[in-house]
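The sequence shown: position 37 = 37 (UniProt numbering), numbered continuously.
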Amino acid sequence: MKVLLVYAHPERTSVTHHLVELAAETLTARGHEIMRSDLYGMGWKAVFDGRDFPQRADPNRLSLIEESGHAFANGCQTRDVEEEQRKLLAADAVILLFPLWWYSMPAIMKGWVDRVWAYGLAYGYQGAGNAHRYGEGGFAGKRALLAVSVGGPEQDYSPRGINGPLEQLLFPITHGTLFFPGMQVLPTFAVYGAATIGAQGVAEAAAAWRGRVQRLFDDEPIAFRPQNGGSYPDRHVLADHVARGQTGLMAHVAGAVMLDGHNDSFPAAFVEPCYEDG
Ligand SMILES: Cc1cc2nc3c(=O)[nH]c(=O)nc-3n(C[C@H](O)[C@H](O)[C@H](O)COP(=O)(O)O)c2cc1C
């Protein structure tokens with residue numbers, strides 16, 4: 001299988017880079033082929049702007065969606081974007097590795113998504129508007145996994161923790177960015193307390209991460225509900241009989257059992273402790 005590692009950290013001794021190298025080693029040892037996108041190392045252009053469209057469809061007004069669709073369809077995207085799409089389309093799985101910065105990915109990685117997720121490919125698939133999204137689309141058949149180094153302690157991200165559960169904080173990435181264009185997304189792997197982690201913590205995290213990487217093609221993805229699987233008859237809103245009475249993010253995950261009767265908390269099963277498999 002081919003696996004693309006996309007990572008965003010400017011420091012080689014970071015936990016993030018450590019996870020990257022462990023993943024590369026583990027996958028290679030199992031006979032998989034790896035591809036890399038080291039966003040800081042590549043000097044990736046993070047901002048999405050007019051320079052992304054050297055041959056404009058409309059020189060008078062910059063409509064990013066229109067220009068994205070035009071450039072993708074006519075082969076006039078920038079070389080760096082084309083190269084990332086080539087790697088993505090070749091990949092059977094994509095792992096995004098990053099430190100949690102303000103409860104999300106670093107800007108350079110967000111800019112990778114903004115620029116590489118072209119109209120006609122990741123959204124507006126095949127020029128059909130929103131006909132194919134959430135479980136279908138240009139990246140269908142691929143697996144995706146987030147590996148996140150988190151400064152704060154695990155309890156801050158627990159089901160009732162002060163920051164909110166990590167898997168809910170990352171929902172815009174897992175559901176909105178990866179599942180939207182069709183990828184099957186695995187539960188997030190997190191290393192908590194990463195800013196002050198010691199040798200033992202690193203060893204525990206490494207063991208757990210190796211296990212997750214080995215099971216990349218076996219683990220069950222998060223059961224996000226597909227748009228066209230019957231749960232959303234009008235393609236917009238859940239049918240009344242699905243997740244009856246539930247609102248919020250969890251309503252879009254099938255079979256999610258509420259731990260405390262509250263209707264928008266992720267079950268503990270989605271909050272992966274880093275030392276789970278020791
Ligand atoms: C700009 C910035 C924002 C951060 N935001 C968060 C945050 O929202 N939550 C958190 O727990 N830690 C936060 N941290 C701490 C990082 O997550 C932590 O330093 C990092 O995960 C350590 O791993 P690394 O060795 O891969 O950098 C932030 C750090 C920086 C520099």
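We put the beta carbon where it would ideally sit given N, CA and C, even for glycine.
For P10, the CB contacts under 7 Å within the same chain, skipping 5 residues up- and downstream, are Y40 in chain order. Counting C-beta pairs closer than 8 Å gives three or more between the stretch 75-83 and the stretch 115-122, which meets the contact rule. Cα atoms of H32 and L216: separation of roughly 11 Å, rounded to the nearest angstrom.
The stretch 142-149 makes contact with the stretch 176-189; the number of CB pairs closer than 8 Å reaches 3 or more.
In chain order, F48 place their CB closer than 7 Å to the CB of D114, counting only its own chain and leaving out the 5 sequence neighbours on each side. L5 is positioned such that its CB atom lies no closer than 8 Å to that of R30. Counting C-beta atoms within 10 angstroms of its own C-beta, T26 has 16 or more neighbours from the protein chains shown and is therefore classed as buried.
Within 10 angstroms of the beta-carbon of P153 lie fewer than 16 other beta-carbons, which makes it exposed. Just measuring C-alpha positions, the residue of G211, L170, G50 and H18 sitting nearest M105 is L170. A distance of 8 Å or more separates the beta carbons of L166 and P221. Relative to ligand 1, the beta carbon of H9 is positioned inside 7 Å of a heavy atom. Taking a C-beta distance under 8 Å as the contact criterion, F224 and G135 qualify as a contact pair.
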